[in-house]
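**Student:** Numbering (my numbering), first residue to last: 65 to 775.
Just so it is clear, CB atoms sit at the ideal spot from N, CA and C, and this is done for glycine as well.
If you're wondering where the values come from, they're calculated on a predicted model, not measured in any experiment.
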Amino acid sequence: MKDRLYDASQFVFSLVETAMANSITFSGEENLNKKLPTLFVANHFTRMETFLLPYVLYKKLDFQVRSLADHSIFEGVLGEYLSAVGTVSTEDKGRNEKILGDLLTGRTSWMIYPEGSMIKSKKVLLSKDTFLIEDETGLHDIFTGAAVVALESEILKTKYLALQNNCDIESIQEFKEKYLLGDEENISYYNTHIVPVNISYTPISKGANPLAEFAYKYIDDISDDLNEEIDIESNLLLNSQFHIHFSKAIDVKAYLLKSKRELQRLGIDTDDANLIEKIKVPFINLMMDEVYKNILITFEHVFALSLEYLEDRSFTLDELKRRIYLISRELKKSATYHVSKDLHANIYTLLNDEPYKLFDDVLSLSISENILESMEKNIYRVNVENFKNEYTFNTIRVKNILRVLINETIILEELHRTIKSQIQKDLALVNKEVFYTIYNRDKKEFKYDYNKFYSVFDSKPKDVGEPFILYDEKNSIGCVISHGYKSGPKEIAPLAHYLFEQGINIYAVRLKGHGTMPEDLRDVTYKDWYDSFDVGYAALRGVSKKLYFCGFSTGGLLALLKASNVHDTVDGIICINSALSLQDIRVKYIVPTLNILNNFLSMFNADMETYESEPEHPDINYKKHYLTSIGELKELIDVVNERLKYVTEPTFIIQGDKDPIVNPQSADLIYDSIASLKKEKYILKSNKHVVILEEDIRENFFEKIASFIKD
């Protein structure tokens, strides 16, 4: 294949490439070797794969591949383009010779789809070690053409070498003419290899889009089948992530020789024709097993399978989310399947009661397809009849996308066992497992950060920064507590232990970048701090009948911000010595030599990167901090100011009257700005900022916090 044929495709696909700029990911690229004559075998879900995949392999991985495509698409401009780039029709009488010629010489690799046609339903079954697929004609075996061609390529190499050894010039010439070998071309020294390829899409969506509108404008007499393909495939191009997985290459000659020895041992005739006939089916099944088991398991798969095993039970969305979270953790831990990054560790944010696009989109889809029915507020049930409806082969992708996803996983028995087990588990146990799973992950992240930034001379003991929980399953009230800027969970430990003694479960969060070394805080944003607070919320939410937020200083701002974003799930907020303006933060907190606001703000134009100040508790707090972190603190303050009007929960505001860091007026600003009908402000007589650690005054306001929560 000449490069110019591939280069011509750049113009043809310029629009598509722009739309797909960041939507293609790969895994298993290490299994590709340009030196080897390679036959790629892949699953076939869309019409566009036959011309798009070779193009993508060339553009993204610089791997030239010709493709075998269904004869029905060799029409008009598309047909001319396919012929120009070397794609061969399934009805081409010389197709096998063309493929074999390329494999014999190693000049170009090939892509074949053994399923034979698009498997729109993605229904793949396994019967007696043989794969069955469903297309328009019904269930049938995988086609063995790819296996036959691969085996023949190695048998033909042996025959050609024999001709050379016998100096049979006439037969050599006939061989070259039949398989389109040039006069100067030689047989490759490398064995033919099979590379199984799995192509996965997420999400599979439908609906109006610019590409579909363009097609409808310029194509006359659109059939129902073509309309379905335009709808689905245009959305895949514009709105989906493509993942292409390359399995480890299979050495065809090695497989051929091993199979031949086994047949000979059984006394079976192993002439070339009989050998191919005996081993083509197990060989194609070996290839397709690699294809199918390397499907990318996505969030949508887990959602669909969760509904499958919920059957007609009623459930809340919160329950469904928690089960999905545990499923994702188990899949990641087992490492049995190829799992989408969407199911990795940060999926705990699914539980934060804020918009979560993946869940919200597939939920909307299931409702629109009448798969999920709303019984009452936040209570749902699966319409089993609609959910199991596979419609027709040419309509299932439009009418029941979730069933397509389930069909794709039918042969993955361990996946089904994992999900079924989690769905059938008692909900109280699920909530408890979620709690401990999140907490253990949180500790693991702290340990990683601590070790990454560890210094023999400067690092503080681990108990300063490690998040901790105080939990008794008999308690029904939970409280997420956060420390302040430049500090760690040990700062809030006395209050946490006091509240736990009063029957309140505690999750003491560690804000990202804190409790390790100042360098850890340098590149952290206020959104990372917010996510850290969310960890505690996600964990305690399921094991608490009532839930409260409590934050000291910067932690109080995070408590207010989180409360502004969730309603009906938080029962009250306590914020202690929290500033709502940079002007309310005494300058000596940042740099002792600066004493007016203008000088404070001038730091943002300074050449210095770090500043030092002596904290009240050097055994807990950072002495050095970065200008970037101060900028993040300012951003957090600005965001909280904008969101205070959405805080409607009961709020208890505590402020020291002579706080050396935060201007006491900040308490008035919070009190006046929030929309809570029940709010209380309590002024402490103290000249310290970290009042939680002051034994002579803390007992009094600790009691008031406990009373606020219990009342």
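Identify whether residue 305 lies in helix, strand or coil by the three-state DSSP scheme.
**Tutor:** strand
**Student:** Here's the rule I'm using: 16 or more other beta-carbon atoms within 10 Å means buried, otherwise exposed. How should residue 191 be labelled?
**Tutor:** exposed
**Student:** Reducing DSSP to helix, strand and coil, say where residue 664 ends up.
**Tutor:** The predicted position of residue 664 is uncertain, since its pLDDT is 47 and thus under 50; a value taken from the coordinates is nonetheless stated next. Three-state DSSP puts residue 664 in a helix.
**Student:** Alpha carbon to alpha carbon, how far is residue 586 from residue 347? Give it in angstroms, no decimals.
**Tutor:** 55 Å
**Student:** Within 10 angstroms of the Cβ of residue 439, are there 16 or more other Cβ atoms? Answer buried if so, exposed if not.
**Tutor:** exposed
**Student:** Can residue 756 and residue 491 be called in contact, C-beta distance under 8 Å?
**Tutor:** Contact flag unset, no.
**Student:** Which ranges would you report for the beta strand (DSSP E) in the stretch 495-555 if only whole runs of at least 3 residues count?
**Tutor:** 532-534 and 541-546
**Student:** Just tell me which of 207, 463, 159 and 303 has its CA closest to the CA of residue 242.
**Tutor:** Looking at 207, 463, 159 and 303, the one whose alpha-carbon comes closest to that of residue 242 is 159.
**Student:** Classify residue 337: buried if its beta carbon has 16 or more other beta carbons within 10 angstroms, exposed otherwise.
**Tutor:** exposed
**Student:** With a cut-off of 8 Å on the beta carbons, I'd call residue 531 and residue 506 a contact; round off their distance for me.
**Tutor:** 5 Å
**Student:** Across the stretch 347-357 and the stretch 389-396, are there enough close Cβ pairs to call them in contact, namely three or more that are closer than 8 Å?
**Tutor:** no
**Student:** According to DSSP, which residues form a beta bridge with residue 639?
**Tutor:** 615 and 717
**Student:** Indicate the three-state DSSP secondary structure (helix, strand or coil) for residue 257 in the structure shown.
**Tutor:** strand
**Student:** Quick check on the DSSP output: the alpha helix (DSSP H) that includes residue 322 runs from which residue to which?
**Tutor:** 316-329
**Student:** Given a cut-off of 8 Å on the beta-carbon distance, is the pair residue 445 and residue 454 in contact?
**Tutor:** no
**Student:** Among 535, 314, 550 and 292, which residue has its Cα nearest to the Cα of residue 608?
**Tutor:** Answer by Cα proximity: 535.
**Student:** Pull up the DSSP beta-bridge partners for residue 266, would you.
**Tutor:** 305
**Student:** Mind pulling the alpha helix (DSSP H) runs of 4 or more residues that sit fully within the stretch 665-753?
**Tutor:** Listed in chain order, they are 691-707 and 729-737.
**Student:** On the three-state DSSP scale, how would you describe residue 439?
**Tutor:** If DSSP states are grouped into helix, strand and coil, residue 439 belongs with the strands.
**Student:** Taking its Cβ as the centre, do 16 or more other Cβ atoms sit within 10 Å of residue 380, making it buried, or is it exposed?
**Tutor:** exposed
**Student:** Judging by CA-CA distance, which residue of 450, 735 and 169 is the nearest neighbour of residue 248?
**Tutor:** Taking residue 248 as reference, the option from 450, 735 and 169 with the minimal CA-CA separation is 169.
**Student:** Can you list the alpha helix (DSSP H) stretches of 4 or more residues lying completely in the stretch 386-452, in chain order?
**Tutor:** 421-432 and 448-452
**Student:** Determine the direct distance from the alpha carbon of residue 262 to that of residue 459, and round the result to whole angstroms.
**Tutor:** So the alpha carbons of these two residues sit roughly 23 Å apart.
**Student:** Let me know the secondary structure DSSP gives residue 569 once reduced to three states.
**Tutor:** strand
**Student:** How big is the Cα-Cα spacing for residue 400 and residue 515?
**Tutor:** Between residue 400 and residue 515, the C-alpha separation is close to 29 Å.
**Student:** Using the rule of at least 16 other Cβ atoms within 10 Å of the residue's Cβ for burial, across every protein chain shown, is residue 769 buried or exposed?
**Tutor:** buried
**Student:** Going straight from the alpha carbon of residue 761 to that of residue 497, what length do you get?
**Tutor:** 38 Å
**Student:** Taking the alpha helix (DSSP H) that residue 165 belongs to, which residues open and close that run?
**Tutor:** 159-169
**Student:** In chain order, what residues of the same chain lie with their CB nearer than 6 Å to the CB of residue 196, ignoring the 5 residues before and after it?
**Tutor:** 189 and 203
**Student:** Measuring straight from C-alpha to C-alpha, what distance separates residue 471 and residue 216?
**Tutor:** 33 Å
**Student:** For residue 739, count neighbouring Cβ atoms within 10 angstroms of its own Cβ and tell me buried if that reaches 16, exposed if not.
**Tutor:** exposed
**Student:** Under a Cβ-count criterion, where at least 16 other Cβ atoms within 10 Å of its own Cβ denotes burial, should residue 708 be classed as buried or exposed?
**Tutor:** buried
**Student:** Could you check if residue 329 is buried or exposed, using at least 16 other CB atoms within 10 Å of its CB as the buried criterion?
**Tutor:** It counts as exposed.
**Student:** Nearest to residue 254 by CA position, among 314, 673 and 233, is which residue?
**Tutor:** 314
**Student:** Alpha carbons only, please: which of 551, 344 and 634 is nearest the one belonging to residue 600?
**Tutor:** 634
**Student:** Can you name the start and end residues of the alpha helix (DSSP H) that residue 781 belongs to?
**Tutor:** Here the chain has residues from 65 to 775 only, and residue 781 is not among them.
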